[in-house]
Every structure is written in structure tokens, then in C-alpha cells.
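The structure appears below as C-alpha cells.
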Amino acid sequence: MRRFKTQKFVNSLLLLIPFLFGGFIPNETMMPAFRMKKIVLDAGHGGRDPGNLGSRSREKDINLAVTLLVGKYIEENLPDVEVIYTRKDDSFPSLKERPVIANKNKADLFVSIHSNSAANKSAYGTETFIMGMKHFESNFDIIKRENSVMMLEDGYEEKYEGFDPSSPESYIMFNLMSQAFFENSLSLADQVEKQFKDRVGRRSRGVKQGPFYVLWTPSMPSVLIELGFLSNSNEERFLMSKQGQEYMASAIFRSIRDYKNQIEGR
65 MRRFKTQKFV NSLLLLIPFL FGGFIPNETM MPAFRMKKIV LDAGHGGRDP
115 GNLGSRSREK DINLAVTLLV GKYIEENLPD VEVIYTRKDD SFPSLKERPV
165 IANKNKADLF VSIHSNSAAN KSAYGTETFI MGMKHFESNF DIIKRENSVM
215 MLEDGYEEKY EGFDPSSPES YIMFNLMSQA FFENSLSLAD QVEKQFKDRV
265 GRRSRGVKQG PFYVLWTPSM PSVLIELGFL SNSNEERFLM SKQGQEYMAS
315 AIFRSIRDYK NQIEGR
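In my numbering, the protein residues as written are 65 to 330.
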């Protein structure tokens, strides 16, 4: 009889444990849901750095126009997301300052917007880069060009600790980059190129990897978008037009919206 009562007590205690300690046992349903609350939009180049030059355009102007439109669409359609800009005018934030702005604000996403150029004036199409070393040699020209912006800064040698954007050996340290945000960055980049191709009808040159300084230091998923080639007269005309800028900005906005829904499980 005593043994039966003891067993009954033990069984009752086992039944009570989930109620007594449930608040202290972590599980998936009790974890707070992730929400994308802040995004940093980076209009590449600016100020004394015009970026790539077309026959009638400057990269810094196109980058800024599209970036401001992306921010406008986010603010209008995703009111729960705070938009932070690295620049909203013709200023020149340093290459190092841009990701620092994202880190200081504890952003959930960093998007850097650029326009391309090539010696071959028939080259055209969009590209979206994520941090990585795959096909480094074939992408070195654009990587070197974008990272060389640091050389416009006073005392860049000390500021960037001897990093030489024209030396392949300087990129060895990028092999030590964290893979923590690789998959999410890749997911967003895929969304961007899909929108450019399927919704805007642009030629997508695909998602690529590159050791861009601006993508190396952000502590969040990050992408660098190339809107098209200013060296191609047709693409330059499209990117200079109000309609072209609206189309490209809308595509980037939709990719961010779809990425947000994806990671928030909606």
C-alpha cells in the first residue's frame, strides 16, 4: 500500500514538472520570433568620388537616386522597418564608415547599391555580390575598382592597416571572414537577381562572390548590387531615366520584402 502511494506521488510530481518549470525550459515555440527592424542602404561613392563615368552620367548620382527610391518604397510599404542611409546627398562617407554605420545601428541588413563599367562597351546586365572568394580571379577587376575608393581618403594606408586594393596578396585576410551570414546574404542576392530578370526584364549576370571591403565588416547579411553598365549606352540611358530608376528600385524593394517575409516565416 505504501509502495502504491509512493508511486502515485512520483507520477503526480512528473505531471507537475512541465507546469512548474515550463517557463525555464527553452523550446522553439517559446523563442521570440525574429523581425527585420532596421536596414542600412548604402549609395556607393559620392562627393569627390564620382565612381564610374558613362558618356553622360556619373555613377554616384544614379546610385543615390535609386537608393533614395528604395528607401521611400520601404518606408511606405514596410512601416515596421527603419531605413538608415549611409548618405542622402552628395557626401563622401569613407569605405570604412559605411559598414560601421550598419554595425553601430545594429542593423538587420546592409544593401550597397552601385553601377558597373567595362572596357567592352557591349557588356551589360545586373550582378549582385556577396562576401566570398569564389572565382576571385575572374572578378578581380571590379573588386579592385570598388575597393580602390579607399585611396581617395587621407591617410588610407594607416586607416586600412596597409591593405592594398590592387594587390591580390592583400586579400588573403578575407579568407578568414565569418560564414555566419553567408546563407542569408545569398538568399537576398538570389531574390534581387530574380526580380531584375523576371519583373524588370533585365539581363542577369547572376549572383557572384567577391572580397569587397564594404561587405567584409558588416555584422549582418549584406549584398552589393550592380545595377548595370554605364559604359553601355543603352543601359546608361535606361539607368538615367526616371522610369528605369523606379523599375530598379522597385525590384530591390520587392526582393527585400520577400526576403523579410521568408526569414520571418510568413
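Think of the CB as a built atom: it goes at the ideal place given N, C-alpha and C, for glycine as much as any other residue. All of these numbers come straight from a predicted model, not from anything done at the bench.
Once you ignore the five residues that flank Thr-281 on each side, which residues in its own chain have a CB closer than 6 angstroms to its CB?
As a first step, residue 281 is located in the sequence shown; it is residue number 217 there, counting from the start. Closer than 6 angstroms at the Cβ level, and outside the excluded window around Thr-281, lie Pro-163.
Helix, strand or coil at Met-284 [DSSP, three-state]:
As a first step, residue 284 is located in the sequence shown; it is residue number 220 there, counting from the start. Residue state, collapsed to three classes: coil.
With 16 other Cβ atoms within 10 Å as the buried cut-off, status of Lys-124
Here residue 124 is taken as the residue at index 60 of the sequence shown, counted from 1. By the neighbour-count rule (16 or more Cβ atoms within 10 Å), Lys-124 is buried.
Let's test the definition: count the other Cβ atoms within 10 Å of the Cβ of Ala-313 and tell me whether it reaches 16, buried, or not, exposed.
Here the question's residue 313 lines up with position 249 in the sequence shown. Counting Cβ neighbours within 10 Å, Ala-313 comes out buried, since at least 16 surround it.
Go to Glu-140, then tell me how far its alpha helix (DSSP H) extends in each direction, as first and last residue.
Against the sequence shown, residue 140 aligns to sequence position 76. 123–141 is the span of the alpha helix (DSSP H), which, as asked, contains Glu-140.
List the residues that DSSP assigns as beta-bridge partners of Lys-102.
The residue labelled residue 102 in the question sits at position 38 within the sequence shown. Glu-146.
Bridge partners of Asp-113, per DSSP?
Start at 1 with the first residue of the sequence shown, and residue 113 comes out as number 49. DSSP output for Asp-113 lists Gly-110 as bridge partner(s).
When burial is assigned at 16 or more other CB atoms within 10 Å of the CB, is Arg-330 buried or exposed?
Here residue 330 refers to the residue found at position 266 of the sequence shown. It is exposed - the Cβ of Arg-330 has fewer than 16 other Cβ atoms within 10 Å.
Who are the Cβ neighbours of Arg-266 in its own chain at under 6 angstroms, not counting the five residues just before and after it?
Indexing the sequence shown from 1 puts residue 266 at position 202. Excluding sequence neighbours, Arg-266 sits near Thr-190, Phe-260.
State yes or no: is the C-beta of Leu-279 within less than 7 angstroms of the C-beta of Gly-292?
Numbered from its first residue, the sequence shown carries residue 279 at position 215. Numbered from its first residue, the sequence shown carries residue 292 at position 228. Taking 7 angstroms as the Cβ cut-off, Leu-279 and Gly-292 do not qualify as a contacting pair.
What did DSSP end up calling Arg-120 once you bin it into helix, strand or coil?
Along the sequence shown, read from residue 1 onward, the residue named residue 120 stands at position 56. DSSP places Arg-120 in coil when its eight states are reduced to three.
Relative to the alpha-carbon of Val-130, which residue among Ser-251, Gly-270, Asn-325, Asp-153 has its alpha-carbon at the smallest distance?
For the purposes of this step, residue 130 is identified with residue 66 of the sequence shown, where counting begins at 1. That would be Asp-153, whose Cα lies nearest to the Cα of Val-130.
Does Lys-101 pass the burial test, meaning 16 or more other C-beta atoms within 10 Å, or should it be called exposed?
As a position in the sequence shown, residue 101 is number 37, starting the count at 1. That one is exposed.
Same chain, Cβ closer than 7 angstroms to Glu-257, neighbours up to 5 away in sequence not counted:
Within the sequence shown, the letter at position 193 stands for residue 257. Hits under 7 angstroms: Thr-190, Thr-192, Ser-268, Gly-270, Val-271.
So is Asp-205 buried or exposed if we call it buried at 16+ other beta carbons inside 10 Å?
Looking up residue 205 in the sequence shown gives position 141. Flag for Asp-205 reads exposed.
Cut-off 6 angstroms between Cβ atoms - residues of its own chain near Tyr-311, not counting five sequence neighbours on either side
Counting from 1 along the sequence shown, the entry for residue 311 is found at position 247. So the qualifying residues of the chain are Val-264.
Grab me the residues of Arg-17's own chain with a C-beta within less than 6 angstroms of its C-beta, minus the 5 sequence neighbours each way, in chain order.
Only positions 65 to 330 of the chain appear in the structure, and residue 17 is not among them; the question remains open.
Where do the ends of the beta strand (DSSP E) carrying Lys-272 lie?
Taking the sequence shown and counting its residues from 1, one reaches residue 272 at position 208. That run of the beta strand (DSSP E) goes 268–274.
Please work out which residues of its chain come closer than 8 angstroms, Cβ to Cβ, to Ser-186, disregarding the five sequence neighbours upstream and downstream, and give them in chain order.
Walking along the sequence shown from the start, residue 186 turns up at place 122. Excluding sequence neighbours, Ser-186 sits near Asn-296.
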